[in-house]
Amino acid sequence: MLLSPSSPGSMKDPNTNTKSEIDRRYQVVIPVELARHIPDDEELVVTMESDMTRSGQFSPSYLIITRQRVLGLEEGEPPVVLPLSEIEECETDELFGGGRIVSKTKDGTIAIISFSRSFVPEFAAATRIIDDLAHDRDLIYPELEGSAFSEGSGVPLPERGGRSPLDMPRRKILKQLGEFVRPYRARIWIMMLLFGLSVLAQMTPPLLSKFVVDNILGQGDFQASTPGAAKLKLNLFVLLIALSILVVFVTRIVANILKVWISGRLTADLRNHLHRQMQRLTMRYHNRKESGELVGRVMNDTSELQHFLVEGVPFLYINSLSFIGIGAILIWIHPLLALCVFLPVPLLLFGGTWFWRRLVPLFHKRGNRNSVLHSVLGESISAVKATKALGQEDRRHRIFNKGNESFFNVSFHVERTFLGFFEMMALMMGVGTVAVWFFGGHSILDPDSDFTIGDLVAFMFFMAMFYGPLQWFTAVINWMTHAFASSERILQILDQKPETYDAPNAVALPEVEGKISFKDVRFSYNRGNEVIKGLSFEIAPGEMIGLVGKSGAGKSTIVNLVCRFYDPDSGQLTIDTHDLRSVKLTDWRRHIGIVMQDPFLFGCSIADNISYGNHEATFEDIMRAARAAEAHEFILSKEEGYDTVVGEGGVDLSGGERQRIAIARAILSDPPILILDEATSSVDSETEKAIQQAITTLVKGRTVIAIAHRLATLRNADRLIVIEDGKIIEEGTHEKLLGLKDGHFANLVKLQTENNKLLSEQSAYSME
Amino acid sequence: MRNLKLERRKDSIFATSESLPEAVEVVLVYARPISARERQVAVLSAKKRKEVAWIDSLAELDASSRAIAEEALYDRYRISIVESVEHSFVNHGHRYLKVQTNRGFRYFNLKEPGKNVTHLSDDHLVIRDSMGNRYEIKSLQALGLASRERLELVL
Chain A
0 MLLSPSSPGS MKDPNTNTKS EIDRRYQVVI PVELARHIPD DEELVVTMES
50 DMTRSGQFSP SYLIITRQRV LGLEEGEPPV VLPLSEIEEC ETDELFGGGR
100 IVSKTKDGTI AIISFSRSFV PEFAAATRII DDLAHDRDLI YPELEGSAFS
150 EGSGVPLPER GGRSPLDMPR RKILKQLGEF VRPYRARIWI MMLLFGLSVL
200 AQMTPPLLSK FVVDNILGQG DFQASTPGAA KLKLNLFVLL IALSILVVFV
250 TRIVANILKV WISGRLTADL RNHLHRQMQR LTMRYHNRKE SGELVGRVMN
300 DTSELQHFLV EGVPFLYINS LSFIGIGAIL IWIHPLLALC VFLPVPLLLF
350 GGTWFWRRLV PLFHKRGNRN SVLHSVLGES ISAVKATKAL GQEDRRHRIF
400 NKGNESFFNV SFHVERTFLG FFEMMALMMG VGTVAVWFFG GHSILDPDSD
450 FTIGDLVAFM FFMAMFYGPL QWFTAVINWM THAFASSERI LQILDQKPET
500 YDAPNAVALP EVEGKISFKD VRFSYNRGNE VIKGLSFEIA PGEMIGLVGK
550 SGAGKSTIVN LVCRFYDPDS GQLTIDTHDL RSVKLTDWRR HIGIVMQDPF
600 LFGCSIADNI SYGNHEATFE DIMRAARAAE AHEFILSKEE GYDTVVGEGG
650 VDLSGGERQR IAIARAILSD PPILILDEAT SSVDSETEKA IQQAITTLVK
700 GRTVIAIAHR LATLRNADRL IVIEDGKIIE EGTHEKLLGL KDGHFANLVK
750 LQTENNKLLS EQSAYSME
Chain B
0 MRNLKLERRK DSIFATSESL PEAVEVVLVY ARPISARERQ VAVLSAKKRK
50 EVAWIDSLAE LDASSRAIAE EALYDRYRIS IVESVEHSFV NHGHRYLKVQ
100 TNRGFRYFNL KEPGKNVTHL SDDHLVIRDS MGNRYEIKSL QALGLASRER
150 LELVL
């Protein structure tokens, strides 16, 4: 018997919860022998299952949160029961390979439940719920990241919230891919018809050959009729053979052109969809993925699929038709001999399956060793200067050599197994050939048999056609598995929920005044690690605020939330009077200009880079923006001026130059809200002066959020907000904060001044 | 750190020593948790994670403190030692392993072995699964032929 949260004392959907449905992971059923520890009269808020006991064993354990207490339950152990009123603070303690929820009480720290890495987001959310309830805050069920296990079968997933290929029926993959095929249905039908015709035409020459041998060249018409009539017949049959070869040629060429077009078109469509989808996926998704992995999915997986569509699908279709056709003809000619031909087939299929099962892991292994070798080589080349400087050339070579040897070993293993496979296949087919010659030859010699030389000739023709592709059948089926894996990976991206750009009820935002409000905003990039902890502040329209704090305090996260690269876990962020989640995203981002620490320049001309967010700008507008950004002169000093191609593969620009181009971009887009994220870091004093001048022009009349490590650059801000550990610890004007005795900002300024002094002294010393 | 003494209070550990006359709540961490466990342990303050003491070898501690330290480290470093590989397979390019560890049975997914398998020596390796859980194989040789072959299939 099990106790579920829907039993008496069941979970209620709190009206404070922003989610209409509570995630099922908050409501697991508890084994009844453990459920007896839960007081009957208490409302269950959360019942969660972990995969680890407090002592670190892999075994289920349970977390129960009621309105009054929190319980940690596991079989064979006394329960941990902690009244919420006794909890001073609840947090997740990150362990190596897992974590645990710990509560600080006046008596000390108490561990409530442990979990492996597979459950970090779930229990981080639970920690938050306990802390909220313990401090009489509203109960909110934080939205959970995807599970580490497949919902249906419990199979461990390669990525959270993904789908297990073990659970993904091929039918479903085909159905989803079918949507991409739909526009080209007519062409596909024509292609299949043409391939079918080519198969029929291909079977004609062996049958005609049999007729020629038996009835013209053999004992039939050739001897019975006149030589002239026989020659005429022979010519006619040769012509028919030539015609059938021509039909095969024409149908194959047209069908193959169609095949290449359709598969190319399909993969191009898929790549387009993938690229578009990636542009629209959330930053949270992109943070979890390496760019190389996504590039691989767009390029490699689509290529794998294309390759299979071009070669594999027609192979399976044509050869399946051929097998059925040839099999029927062989049985028609001589059933017993046909059996000799079919005998090695099961051996070939089973043998092939067995071999491919051995080969596939080897292929994977070779792929892995190859990629390791690639990365060692890449590092050796990119780190050549550091290697030389440290005198570690031999060490690098030893590392490479080890990888190289390992790659050689596995490559040799693959090739040896591959070779063995094909030779075995050839041997088995040889057995069939020997059997046909033996039994076929004896049948011809047998005066009672009606088996003719023509039959034997046809048999030989058909046998070659039959056996030839057979050895590849299992390979193609295996290849199909890979193509399905690629399709599955592609569909996994296409199935991801993109950012909601324009929700049906989203508010249009043609203009904004620029008032920004944070109301008790909480946020974490990785669940379990809150970086913004209940932040509340307002920025008035046209106000410039400076965000100050140590690295990792949460300044850039605030900017990310304002740009709506992420949505808060809880709380509200409003622009003017609208909740940011309710406005059209495209409208909102049009109103923001960002100048980042290391601005990204696209691989196009400087002029195009400046007008990247405003394509309608004239060259005069671009130039005006560049002048205002103090960029005009350095641009003109380049050989190709505004036509200079920058970014990937283009001319290298200094940090200051890149930043001034970004400022020009922001000036041109004329946004009412401006974000300066370390806009003057990593540049020399002179460049900083130029950038500061540009920024002074830029900020006029806009709502500005500025982040700077060099605190002096925030002197012009109307207000400074000092952030530490995701919370505001000081707020006020530059002068006010400087005047605070033992204030954080005052201390930071003091430290920085001392540092600057030290640096200038060192520089003066080195000059001497 | 001379005369370092550890004391357990509920689920917390407190340290005292000559330079720490007042007990400070601490956490114990290995300096090299992958390559050299059981040596070189840093004692950090629980709150600010500042180093308050250093232990070269747990043998430096008295018996009671040593037991506390060992228990705390075992608890913090939830790395599982693989005792046998019961099953392994590759499906659609994804690798799966079912293993018996010192902490119990585990079924996990392995992505990109090139990145997620650390070879500490030819015989000693650490595997990180797709969720970041770690599994240590202290000796491939000691694992046995059947387990080695199953492992070979996916690594």
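Top to bottom, those sequences are chains A and B.
The opening residue of the first sequence carries number 0 in numbering that gives the first Met the number 0; numbering runs sequentially from there.
The opening residue of the second sequence carries number 0 in numbering that gives the first Met the number 0; numbering runs sequentially from there.
Quick reminder that beta carbons are idealized off the backbone N, C-alpha and C, glycines included.
Cα separation between G742 (chain A) and T732 (chain A)? 13 Å
Do you know offhand how far I325 (chain A)'s Cα is from H412 (chain A)'s? 36 Å
For I86 (chain A), which option in A:E93, A:T65, A:I109 has the closest C-alpha, if you only look at C-alpha atoms? A:I109
Thinking C-alpha only, which one of A:R626, A:G700, A:M462, A:R718 is nearest I690 (chain A)? A:R626
Delimiting residues of the alpha helix (DSSP H) encompassing N108 (chain B): Segment 103 to 109 is the beta strand (DSSP E) holding N108 (chain B); no alpha helix (DSSP H) there.
Tell me the residue span of the beta strand (DSSP E) that contains E48 (chain A). 43 to 51
The stretch 628 to 644 of chain A in contact with the stretch 506 to 517 of chain A per 3-pair CB rule at 8 Å: no
Please tell me whether S290 (chain A) has its Cβ less than 8 Å away from any Cβ of chain B. no
Just the chain A side, please: which residues come within less than 7 Å of R241 (chain B) by C-beta, in chain order? This structure cannot speak to residue 241 (chain B), because chain B is shown only from 0 to 154.
Is DSSP giving V27 (chain A) helix, strand or coil here? coil
Compare the C-beta of V768 (chain A) with all C-beta atoms of chain B and state if any pair is closer than 8 Å. Past the edges of chain A, shown from 0 to 767, lies residue 768 (chain A), and the structure says nothing about it.
Closest by CA to P360 (chain A), which one among B:N90, B:R102, B:F104? B:N90
Candidates A:G75, A:V237, A:L493, of which the one nearest D268 (chain A) by Cα: A:L493
Take E730 (chain A) and list the residues in its own chain whose beta-carbon comes closer than 6 Å to its own, dropping the five residues that flank it on each side. I720
Our contact map puts L455 (chain A) next to I443 (chain A) with C-beta atoms below 8 Å; I'd like the distance itself, whole angstroms only. 6 Å
How many angstroms separate the CA atom of E135 (chain B) from the CA atom of E404 (chain A)? 25 Å
Identify which residue in B:N2, B:V125, B:S64, B:L3 has its Cα closest to the Cα of R36 (chain B). B:V125
Pull up the CB-CB distance for A705 (chain A) and G545 (chain A), whole angstroms please, since I reckon it's below 8 Å. 5 Å
Give me the Cα-Cα distance between E723 (chain A) and W260 (chain A), rounded to the nearest whole angstrom. 59 Å
In chain order, what residues of the stretch 2 to 15 of chain B put their CB closer than 7 Å to some CB of chain A? R8, K9, D10, S11
Near-chain B residues of the stretch 104 to 121 of chain A - C-beta to any C-beta below 7 Å: D106, G107, T108, I109, A110, S115, R116, S117
Excluding five sequence neighbours on each side, which residues of the same chain lie with their C-beta closer than 6 Å to the C-beta of P7 (chain A)? Confidence in P7 (chain A) is poor, its pLDDT being 33 and thus under 50, which makes the residue's placement too unreliable to answer from.
Determine which residues share a DSSP beta bridge with Q99 (chain B) and list them. B:S83, B:F104
If you run the structure through DSSP and keep just helix, strand and coil, what is F88 (chain B)? strand
Answer yes or no: do R99 (chain A) and D106 (chain A) have a C-beta to C-beta separation smaller than 8 Å? no
Is it buried or exposed for Q305 (chain A), if we count other Cβ within 10 angstroms and need 16 for buried? buried
At the 8 Å Cβ level, is N132 (chain B) part of the contact set with chain A, yes or no? yes
Taking all protein chains shown into account, decide if I12 (chain B) is buried (16 or more other Cβ within 10 angstroms of its Cβ) or exposed. buried
Listed in chain order, which residues of the stretch 95 to 119 of chain B have Cβ atoms closer than 8 Å to some Cβ of chain A? Y95, T100, R102, G103, F104, R105, Y106, F107, N108, K110, E111, P112, G113
Let's test the definition: count the other Cβ atoms within 10 Å of the Cβ of D128 (chain B) and tell me whether it reaches 16, buried, or not, exposed. buried
Quick one: Cα of V340 (chain A) to Cα of A434 (chain A), how far? 8 Å
Neighbouring residues, chain B, relative to P157 (chain A) (Cβ below 7 Å): H93, N108, K110, S129
For L144 (chain B), which residues of its own chain have a beta-carbon under 8 Å away from its beta-carbon, when the five flanking residues on both sides are left out? none
Are any of the Cβ atoms in chain B nearer than 8 Å to that of K11 (chain A)? Here the model assigns K11 (chain A) a pLDDT of 35, short of 50, so the residue's position is not dependable, and the following value carries that caveat. So, not an interface residue.
For a cutoff of 8 Å on Cβ pairs, would you count I136 (chain B) as touching chain A? no
What three-state label does DSSP hand T305 (chain A) in the structure shown? The question names Thr, but residue 305 (chain A) is Gln in the sequence shown. Helix.
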